[in-house]
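Reviewing the structure listed below.
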Amino acid sequence: MELTDLADIVGLVFIFLGIATIIISAIGLFKLPDLYLRASAVGTSAGLGVASIVLGALLMDFSGTNLIKAIIAIIAQLLTSAVGSMAIARAGYLNNALPAPITHIDELRLTRRETSGGR
Amino acid sequence: MMSWPFRIIGFLLWYAKEFITANLSVTAEVLRPRGRSKMKPAIVAVPAASRSDSEWTLISSLITLTPGTLTITISKEHGILYVHGMFVESREQLVGEIQEMEDRMLHAARRAPGDLTRPAELPVVRPLEETGESR
Amino acid sequence: MISEWTLEVALILLAIGMVIAAVRGLLGPRTMDRAVAADLIFFATIGFVALIGLRTNIEALFDIILIATLLGFMAALSMARLGSGGRR
């Protein structure tokens, strides 16, 4: 077997791992009861999912410049997705999105306004 | 005591390990049938030793990047991170995990150890409107 | 070549993931639940672009991925602003 074939196969494995992560977090959007848990589930595909698809694409189309671009893309994805999910979780908190009843400690409860409204 | 660049590499390796195990545990939780769920979510106030703005940004991003833990908000004046955890057995367990990560992060990010003290008691919190906080 | 039809299977699987997330986005119930679903759809879109790029051999594939990952959080930020009514 040639080296390029091997790189293609390993690349495909990474791509399918990433897709599996994305599908599992999509299922998590239904299985998990509240916003904060759903944001945690989406965090897996934001980090590992996208990173492994980019890594797989790199292995299937390898060159020096692509290597640099892929590394920057993965680092950018990790940094910016954290900012994005924090912003969403904070907006949920400001918007009085209450955690599911299964949440057994809630030390932010006292800061919430009594109205259970919000959008 | 390792020199500064090596401490950063050591921290990144430790964080990569944590990142992968956290991904696996969240994925396993989603795939687990409802009856055998190990999920115990909690929102905990964690006293933090970060001082500068860049340290606050770093630690809250690192916490959010690990699936299963999520920084909801921070209070710089009280030195508190409000962290949502997915698998929290007790308050002390999550506080311990977050403080271990912060200790390692500060150890790697600072050239000199500096001030590592944490606030000893939790602040009394009130709704946002009353305190007049805008952030 | 092995990769031709496997890439198509991968695209179909990714589309299924996007549809599941889109249903969550339609059901809501709150704005922020929709925002989380839209966030996930965006990440799936990055994967989609990567796979189509591999399938059609476009030159600028990694430039597109790089720009998407650099600017993707803007959507999440503006949805967060929208959901919190301008409060930060």
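Chains as they are written, first to last, in the UniProt record's numbering: chain A, 1 to 119; chain B, 1 to 135; chain C, 1 to 88. Note that CB positions come from ideal geometry on N, CA and C, so glycine has one too.
Between the options, which has its C-alpha nearest residue i's C-alpha?
i: S25/A; options: N95/A, T65/A, V50/A, T44/A; result: T44/A
i: L55/A; options: L35/A, G18/A, E107/A; result: G18/A
i: A57/A; options: G47/A, R90/A, V13/A, E107/A; result: V13/A
i: V88/B; options: S37/B, R7/B, L106/B; result: S37/B
i: residue 105/C; options: G64/A, A97/A, L6/A; result: Outside the displayed range of chain C (1 to 88) lies residue 105/C, so it cannot be described from this structure.
i: L108/A; options: A100/A, I102/A, G84/A, Y93/A; result: Y93/A
i: S52/B; options: R91/B, P67/B, G79/B; result: G79/B
i: K76/B; options: T69/B, L65/B, S60/B; result: S60/B
i: T69/B; options: N66/A, I9/A, S85/A; result: S85/A
i: P33/A; options: N95/A, V42/A, P99/A; result: P99/A
i: A44/C; options: A15/C, A35/C, G28/C, L26/C; result: A15/C
i: L7/C; options: L61/C, D33/C, T56/C; result: T56/C
i: A10/C; options: L27/C, L51/C, A60/C, L61/C; result: L51/C
i: Q93/B; options: L62/B, L13/B, I8/B, A42/B; result: A42/B
Hey, could you find the ends of the beta strand (DSSP E) residue i is sitting in?
i: P99/A; result: Unbroken run through P99/A: none, as it is neither H nor E.
i: A45/B; result: 42-47
i: L48/A; result: Neither: L48/A is in no beta strand (DSSP E) and is coded neither H nor E.
i: V83/B; result: 80-85
i: T71/B; result: 69-75
Taking its Cβ as the centre, do 16 or more other Cβ atoms sit within 10 Å of residue i, making it buried, or is it exposed?
i: A87/A; result: buried
i: E2/A; result: exposed
i: T71/B; result: buried
i: P47/B; result: buried
i: R90/A; result: buried
i: I68/A; result: exposed
i: D5/A; result: exposed
i: R111/B; result: exposed
i: E29/B; result: buried
i: G64/A; result: exposed
i: S78/C; result: exposed
i: I74/A; result: buried
i: E130/B; result: Below a pLDDT of 50, predicted positions are generally treated as unreliable, and E130/B, at 45, falls in that range; the measurement from the model is reported next regardless. Classification for E130/B: exposed.
i: A16/B; result: exposed
i: G47/C; result: buried
i: R34/C; result: buried
i: V42/A; result: buried
Using C-beta distances below 6 Å, list every residue in its chain close to residue i, excluding the 5 sequence neighbours before and after it, in chain order.
i: G11/A; result: G56, L59, M60
i: V49/C; result: I64
i: F11/B; result: R104, A108
i: I53/A; result: I15, G18
i: T115/A; result: Low local confidence applies: a pLDDT of 46 at T115/A is under 50, so the model's placement there is unreliable, with the coordinate-based value given in what follows. If we look at T115/A and ignore the five residues flanking it on each side, it has no Cβ neighbours.
i: R91/B; result: V44
i: residue 89/C; result: In the structure as shown, chain C starts at 1 and stops at 88, and residue 89/C therefore has no counterpart that could be examined.
i: A70/A; result: V54, L58
On the DSSP letters alone, give me the boundaries of the alpha helix (DSSP H) that residue i sits inside.
i: A75/C; result: 61-83
i: T45/C; result: 31-56
i: L12/A; result: 3-31
i: S25/B; result: 4-31
i: L116/B; result: Premise fails: L116/B is in no alpha helix (DSSP H) and is neither H nor E.
i: A109/B; result: 91-109
i: E55/B; result: 53-65
Take residue i and list the residues in its own chain whose beta-carbon comes closer than 8 Å to its own, dropping the five residues that flank it on each side.
i: W116/B; result: The residue you asked about is not Trp; residue 116/B is Leu in the sequence shown. Cβ within range, chain order: A49, D103, L106.
i: I102/A; result: P33
i: L29/A; result: R38, A41, V42
For residue i, which residues of its own chain have a beta-carbon under 7 Å away from its beta-carbon, when the five flanking residues on both sides are left out?
i: L48/A; result: T21
i: F6/B; result: none
i: M32/C; result: G83
Looking at residue i and the ligand ATP, is the gap between the Cβ and the nearest heavy atom below 8 Å?
i: L51/C; result: This structure simply doesn't include the ligand ATP, nor any ligand for that matter.
Practice task
Report yes or no: do three or more beta-carbon pairs, one from the region 73-85 of chain B and one from the region 7-24 of chain B, lie closer than 8 Å?
Solution key: no
Exercise for the section: Could you say if the region 71-82 of chain A and the region 88-98 of chain B meet the contact criterion of at least three C-beta pairs nearer than 8 Å? Expected result: no
Exercise for the section: Indicate whether the contact test is met: 3 or more Cβ pairs, each with one atom in the region 12-23 of chain C and one in the region 57-75 of chain C, closer than 8 Å. Expected result: no
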